[in-house]
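Before any comments, here is the structure.
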Amino acid sequence: MDGADFEQLYKRYWKKVFSIIYHYITDKEISAEITQDLFASIWERRKVLTLQTGIEQYLLRAAKLQAFDYLRTSTRQSQLMECALTDYCDSHNCTEEKVAYNELHGKLSDLIDQLPCRCREVYRLSQQEGFNNKTIASALLISEKTVEYHLYKAMTFIRTNLKTS
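For what it's worth, UniProt numbering labels the leading residue of the sequence shown as 1, then goes sequentially.
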């Protein structure tokens, strides 16, 4: 697939893919980012990508999977944080600690939100969902080296910015 073929594919299916993702996520900005990432992933893998079905079927299925993955990740993160805070506070008198935790959590969330979209997604799957690099690579359709790169980039950025604040 060359650049012109990909451009036609993008123009033809972008709205459909976006619509499917938006149907589940209902946030235009996040849906657009996920759609862009999906097409970027296809472009990156264009030389090795072999389809068992038609491209439209592939794109629509991938869109649903990306939307579900996003929803699962964001819901899971909220549940884990709430559970951890509840468990900790049940065993301690922790008003000061809760304030410090909330402040640190807020800073960390802000820093994670500043990461580029793919880097943020890889970080969340690794650090918040606990997936290994191989699982992340296959879920996001990228190489394990790319996963390692994004994790290194995210950790360095977070570490640097937490030290300065």
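Note that CB positions come from ideal geometry on N, CA and C, so glycine has one too.
Could you give the distance in angstroms between the alpha-carbon of residue i and the alpha-carbon of residue j?
i	j	result
Gly51	Lys15	First, the amino acid is wrong: residue 51 is Leu here, not Gly. Rounded to the nearest angstrom, the two C-alpha atoms are 21 Å apart.
Leu115	Ser41	18 Å
Glu96	Lys163	21 Å
Ile25	Glu121	15 Å
Ser138	Leu49	13 Å
Leu9	Glu44	14 Å
Val17	Cys119	21 Å
Lys107	Ala100	11 Å
Val147	Asp110	21 Å
Ala4	Lys98	54 Å
Secondary structure at residue i, three-state DSSP: helix, strand or coil?
i	result
Gly130	coil
Val48	coil
Leu106	The question names Leu, but residue 106 in the sequence shown is Gly. Gly106: helix per DSSP, three-state reduction.
Ser143	coil
Gly54	coil
Thr35	helix
Asp113	helix
For residue i, which residues in the same chain have their Cβ closer than 6 Å to its Cβ, ignoring the five residues on either side in sequence?
i	result
Tyr13	Leu59
Glu7	none
Ala154	Leu115, Cys119, Tyr123
Thinking residue i and residue j are a contact (beta carbons under 8 Å), I'd like their distance in whole angstroms, please.
i	j	result
Ile34	Ala67	7 Å
Cys117	Asp27	The Cβ separation is near 13 Å, so there is no contact.
Leu151	Tyr123	6 Å
residue 181	Lys64	Any question about residue 181 goes unanswered here, given that the chain covers just 1 to 165.
Leu125	Thr53	That pair is no contact at about 25 Å.
Only counting the same chain, and skipping five residues up and downstream in sequence, which positions put a Cβ closer than 7 Å to that of residue i?
i	result
Leu22	Just to set this straight, residue 22 is Tyr in the shown sequence, not Leu. Excluding positions up to five away in sequence, the list reads Lys28, Ser31.
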